[in-house]
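Notes follow the structure.
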Amino acid sequence: MKKTMTIGSIIFIIMGVLVTLIQVKYRQIGKKEFELFYSTSINSKLKSISAGTGGTKITLVDNRKFVFLPYTDKGVIFDHMAKEGDIIIKKEYSDSLILIKNNEKFIFLFKKL
């Protein structure tokens, strides 16, 4: 009985360490992806967009890919509004981006990591 508890405790500790290491790794990846997005100037049409737990992923017509975390503003959700062919404009190191859709401009802020 005591041996089983010891083995169970060791497995539990190992699993905890693995989960922690995975979280740290994904946090580093997310920070690196954000830094690329944040430091890049964008003026391009949108090729594709998808949202997930890691953020909103966009691909531009020149095949550059970015991941970021846009804030919802007054009920407007970026990945629900933005569609293929819309224009994205963002200055390097800016905390906002402009979405041009049907000749209308929408400004979105995003979370800085």
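Here the sequence shown is numbered in the numbering used here, starting from 1403 and rising by one per residue.
For glycine and all other residues, C-beta sits at the position ideal for the given N, C-alpha and C.
None of the values given here were measured: they were computed from a predicted structure.
If only complete runs of 4 or more residues are kept, the region 1457 to 1491 shows the alpha helix (DSSP H) at 1480 to 1483, in order along the chain.
Rounded to whole angstroms, residue 1503 and residue 1424 show a C-alpha spacing of 38 angstroms. Relative to residue 1454, the option among 1488, 1465, 1470 whose CA is nearest is 1470.
Beta-bridge pairing by DSSP links residue 1508 to 1501. Positions of the beta strand (DSSP E) runs, each at least 3 residues long and wholly inside the region 1423 to 1463, are given as 1444 to 1454, 1457 to 1462 in order along the chain. DSSP places residue 1411 within a helical segment (H, G or I) once states are collapsed to three.
Between the alpha carbons of residue 1422 and residue 1512 lies a gap of roughly 26 angstroms.
Pairing residue 1505 with residue 1463, the inter-Cα distance amounts to about 19 angstroms. The C-beta separation of residue 1461 from residue 1443 comes to about 17 angstroms, leaving the pair out of contact by the 8 angstroms criterion. Its chain contains 1515 as the residues whose beta carbon lies nearer than 6 angstroms to that of residue 1436, once the 5 sequence neighbours on both sides are disregarded; these appear in chain order. Taking 7 angstroms as the cut-off, the beta carbon of residue 1433 is found no closer than this to the beta carbon of residue 1487.
In the structure shown, the three-state DSSP call for residue 1420 is helix.
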